[in-house]
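Visitor:
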Amino acid sequence: MVLAYNLTRQKVDVAKWQKLSQLFLDEQGTKGEVNLILVGDQRIRNLNKKYRRQDKVTDVLSFADGEDNQLGEVIIDYSQIIRQAQRFGHSVWQELIFITIHGLLHLMGYEDDSREGRATMIKLGEQFLDSYNIC
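By numbering that gives the first Met the number 0, the letter at position 26 of the sequence shown is numbered 25, and the numbering carries on one by one without gaps.
1. Would you say the stretch 51-68 touches the stretch 102-116, given that touching needs at least three Cβ pairs under 8 Å?
2. Check the C-beta distance from Ile-133 over to Ile-98 and give it rounded, since I have them as a contact under 8 Å.
3. Which parts of the stretch 8-50 are runs of the beta strand (DSSP E), unbroken and 3 residues or longer, counting only runs that do not cross its ends?
4. Since I believe Leu-35 is in contact with Gln-17 (beta carbons under 8 Å), could you give me their beta-carbon distance rounded to a whole number of angstroms?
5. In its own chain, which residues sit with a C-beta less than 7 Å from the C-beta of Asn-68, not counting the 5 before and 5 after it?
6. When the Cα atoms are used, what is the spatial distance from Gln-126 to Gln-93?
7. Using the beta-carbon count (16 or more within 10 Å), is Tyr-50 buried or exposed?
8. Grab the span of the alpha helix (DSSP H) containing Gly-71 for me, first residue to last.
9. Quick one: Cα of Gln-79 to Cα of Gln-85, how far?
10. What separation, rounded to the nearest whole angstrom, lies between the Cα atoms of Gln-41 and Glu-115?
11. Cutting at 8 Å between CB atoms, please list the residues of its own chain near Leu-6, excluding the five before and the five after it.
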């Protein structure tokens, strides 16, 4: 079960975001509860500093939860999503879904600290976007 929260002042279709995220997990055969949380630059920076010892903004942080039926939390900086969408030349919605999938993949045990791991995660994200014509 996916629960989604928008802690920013930006307008986001949270229900659709939640539904697409659940669809991705279902397609992967992944069960468990996930919280998706949209935040701003300052909150993500504080979390990144506290948990990763990096005093900078990042697009997504994933926190796996070892409890039964809990996958964890995916925290996304919506301001960073907007900047990345502009930089890569696609919609904010596409970037949000792609980064959400990236975060979910981390909760599922995927890692992007190798070239192969990162390529696999990118491929899975792009395949999902293509399958549902998310642009």
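Cβ coordinates follow ideal geometry from the N, Cα and C atoms, glycine included.
Guide: If we stick to the structure as given:
1. Counting C-beta pairs closer than 8 Å gives three or more between the stretch 51-68 and the stretch 102-116, which meets the contact rule.
2. Residue 133 sits at position 134 when you count from the first residue of the sequence shown. Residue 98 sits at position 99 when you count from the first residue of the sequence shown. The pair is not a contact, with the Cβ atoms about 12 Å apart (cut-off 8 Å).
3. Here the runs fully enclosed are 32-38.
4. Looking up residue 17 in the sequence shown gives position 18. Looking up residue 35 in the sequence shown gives position 36. About 7 Å separates the CB atoms of Gln-17 and Leu-35; that is less than 8 Å, so the two are in contact.
5. As a first step, residue 68 is located in the sequence shown; it is residue number 69 there, counting from the start. Its chain contains Gly-31, Glu-32 as the residues whose beta carbon lies nearer than 7 Å to that of Asn-68, once the 5 sequence neighbours on both sides are disregarded; these appear in chain order.
6. In the sequence shown, counting from the first residue as 1, residue 126 sits at position 127. In the sequence shown, counting from the first residue as 1, residue 93 sits at position 94. One alpha carbon belongs to Gln-126, the other to Gln-93, and they sit about 12 Å apart.
7. Taking the first residue of the sequence shown as 1, we reach residue 50 at position 51. Tyr-50 comes out exposed.
8. Here residue 71 is taken as the residue at index 72 of the sequence shown, counted from 1. Element bounds for Gly-71: not the alpha helix (DSSP H) but the beta strand (DSSP E), 69-76.
9. Looking up residue 79 in the sequence shown gives position 80. Looking up residue 85 in the sequence shown gives position 86. Spanning the alpha carbons of Gln-79 and Gln-85 requires a straight line of approximately 10 Å.
10. On the sequence shown, residue 41 is found 42 positions in, with the first residue counted as 1. On the sequence shown, residue 115 is found 116 positions in, with the first residue counted as 1. Gln-41 and Glu-115 have their C-alpha atoms some 32 Å from each other.
11. Your numbering for residue 6 matches position 7 in the sequence shown. Within the same chain, Ile-36, Leu-37, Val-38, Gly-39, Arg-42 come within 8 Å of Leu-6 by CB-CB distance, once the 5 residues on both sides are set aside.
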